[in-house]
Amino acid sequence: MIFDIIYKVILETSNMINKTPHIPVLFNEVMDSFIGMSDGYFVDCTMGYAGHSMGILDRFTNIKHIGIDRDTEALEFSKNKLIDFESRITFHHGTFSSVLPTLRDKNIVGVLADFGVSSLQLDKKSRGFSFTSETLDMRMDNSSELSAFEVVNEYSSEKLEYIFENYGEITQAKELAQAIINARIGSKITSAKELSDIIVKTLPKFGKIHPATLAFQAIRIEVNNELGEIEKLLDELEISHNNREIVSLITFHSLEDRLVKNRFQKWSKNCICDIRAMRCTCGNNHAIGKIITKKPITASQEELKVNPRSRSAKLRTFKFINKMEKK
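Okay, so the sequence shown: first residue is 135 according to the working numbering, each after it adds one.
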């Protein structure tokens with residue numbers, strides 16, 4: 135298939151990799167998750183650099199495509215990359231929580247979201263995601279008001295402790311928050327590199343993972359309201375889903391994966407009676423779909439060799455169905 139060739143070219147040809155700032159994770163697995171997708175509109179909620187979108191447009195020739203991203207740089211890149219498909223695709227700048235509700239009149243048959251940070255965002259020093267960056271930003275949308283600079287330099291010790299504990303699951307959250315408060319007394323913390331150095335001096339190192347990884351994750355989640363966005367996406371899908379809609383979501387850490395897993399389980403549950411009830415009285419017919427991936431799909435050894443950043447990726451797929459299909 136052509137889409138397999140596209141992926142192999144992206145992974146194996148160095149010239150292509152240099153031109154493509156982000157390698158799409160779980161590419162073939164994502165394509166396979168939409169097998170049997172009906173004709174209609176496909177929504178890529180996190181379009182990024184169009185790796186998955188190109189595969190979808192190439193394989194499913196009858197679908198129309200809607201691409202959403204809050205990163206204007208990524209959108210401009212994707213518009214050029216997908217020029218051959220321009221008659222079938224529309225682009226939206228913004229968060230998927232703000233765009234999706236405006237699409238309720240569309241016959242949406244497929245939804246994809248890749249919640250990871252793109253390789254370009256990580257590698258481009260000016261974006262402030264990297265441990266060695268001279269800036270302190272971490273905004274996925276450069277027009278957003280809140281950046282990592284405000285979080286690090288203006289949040290109270292209690293607020294910093296909260297995000298480190300809840301978004302980074304850091305056991306020494308209180309110590310790290312206080313270290314940042316102490317460091318900014320003389321002058322503001324202005325770079326990700328400076329912040330990283332503070333974290334390294336405060337937190338112990340475990341294995342090969344950089345000590346600042348979880349703290350940077352926590353700050354990034356706060357800056358971009360990432361968990362709130364996922365909750366809003368799931369809420370919107372629950373409200374306005376199409377009975378033929380396939381949803382594939384890629385998560386990169388336990389907080390994201392837990393939200394998706396729990397919501398899929400809720401949607402697939404037939405009986406909603408209290409667990410203390412002696413017998414079912416609700417009708418046992420409340421499921422609005424079925425979980426396609428009983429366990430999350432992860433990257434193959436082959437993919438891990440060429441794209442180490444795929445090691446944390448987990449793909450879960452759910453299919454909404456109507457009452458007649460359940461029988």
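Beta carbons are placed, not taken as given, at the ideal position from N, Cα and C, and that holds for glycine.
Note that the structure is predicted; figures quoted are calculated from it, not measured.
Distance CB(residue i)-CB(residue j) smaller than 9 Å
| i | j | result |
| --- | --- | --- |
| Ala317 | Glu328 | yes |
| Ile353 | Met272 | yes |
| Asp178 | Ile190 | yes |
| Leu294 | Ile323 | no |
| Gly244 | Ile380 | yes |
| Glu441 | Ile242 | For clarity, residue 441 is Asn in the given sequence; the question names Glu instead. Not a contact, by the Cβ cut-off of 9 Å. |
| Glu422 | Ser402 | Sequence check: residue 422 is Ile here, not Glu. A contact, by the Cβ cut-off of 9 Å. |
Local conformation of residue i per DSSP, three classes
| i | result |
| --- | --- |
| Arg318 | coil |
| Leu145 | With a pLDDT of 45 at Leu145, under the threshold of 50, the modelled position of this residue cannot be trusted, and the question is left open. |
| Gly362 | helix |
| Phe263 | coil |
| Ala421 | coil |
| Asp473 | Because the chain is modelled from 135 through 461, residue 473 falls outside the range shown and cannot be assessed. |
| Ile333 | helix |
| Asp203 | strand |
| Phe340 | coil |
| Val251 | coil |
| Asp178 | strand |
| Ile431 | strand |
| Arg443 | helix |
| Arg413 | coil |
Start and end residues, beta strand (DSSP E) containing residue i
| i | result |
| --- | --- |
| His186 | Segment Gly185 to Arg193 is the alpha helix (DSSP H) holding His186; no beta strand (DSSP E) there. |
| Val164 | First-last for Val164: Phe161 to Ser167, but that is the alpha helix (DSSP H), not the beta strand (DSSP E). |
| Ser516 | Here the chain comprises residues numbered 135 to 461, so residue 516 is not present and cannot be evaluated. |
| Lys453 | Lys448 to Phe454 |
| Thr206 | First-last for Thr206: Thr206 to Lys215, but that is the alpha helix (DSSP H), not the beta strand (DSSP E). |
| Lys395 | No beta strand (DSSP E) holds Lys395; the alpha helix (DSSP H) holding it covers Ser388 to Trp401. |
| Thr224 | Ile223 to His227 |
| Val245 | Ile242 to Asp248 |
Selection from the options that minimises the alpha carbon distance to residue i
| i | options | result |
| --- | --- | --- |
| Gln312 | Tyr289, Tyr301, Ser325 and Glu303 | Tyr289 |
| Arg238 | Leu367, Ala411 and Lys439 | Leu367 |
| Ala208 | Ile197, Met181 and Thr224 | Met181 |
| Glu163 | Ser444, Asp331, Phe454 and Phe350 | Ser444 |
| Asn287 | Ser325, Leu438 and Phe265 | Ser325 |
| Phe350 | His387, Ser382, Ile373 and Glu370 | His387 |
| Glu284 | Thr305, Thr195, Gly262 and Glu363 | Gly262 |
| Gln399 | Arg378, Met412 and Glu372 | Glu372 |
| Lys335 | Gly320, Glu360 and Gln306 | Gln306 |
| Ile319 | Asp408, Ser291 and Ile223 | Ser291 |
| Glu183 | Ser232, Tyr175, Asp192 and Gln255 | A small fix is needed here, since residue 183 is Tyr in this sequence, not Glu. When each option's Cα is compared against that of Tyr183, the closest is Gln255. |
CB-CB length for residue i against residue j, believed under 8 Å
| i | j | result |
| --- | --- | --- |
| Met171 | Leu216 | So it is not a contact: roughly 19 Å between Cβ atoms. |
| Thr236 | Arg204 | Rounded, the Cβ-Cβ distance is 15 Å, inconsistent with contact. |
| Ala411 | Leu160 | No, Ala411 and Leu160 are not in contact; Cβ-Cβ is about 40 Å, not under 8 Å. |
Span of the alpha helix (DSSP H), counted from its first residue to its last, around residue i
| i | result |
| --- | --- |
| Phe283 | Ala282 to Glu288 |
| Lys258 | Run containing Lys258: none; DSSP gives neither H nor E here. |
| Ile197 | Unbroken run through Ile197: none, as it is neither H nor E. |
| Ser232 | Phe230 to Val233 |
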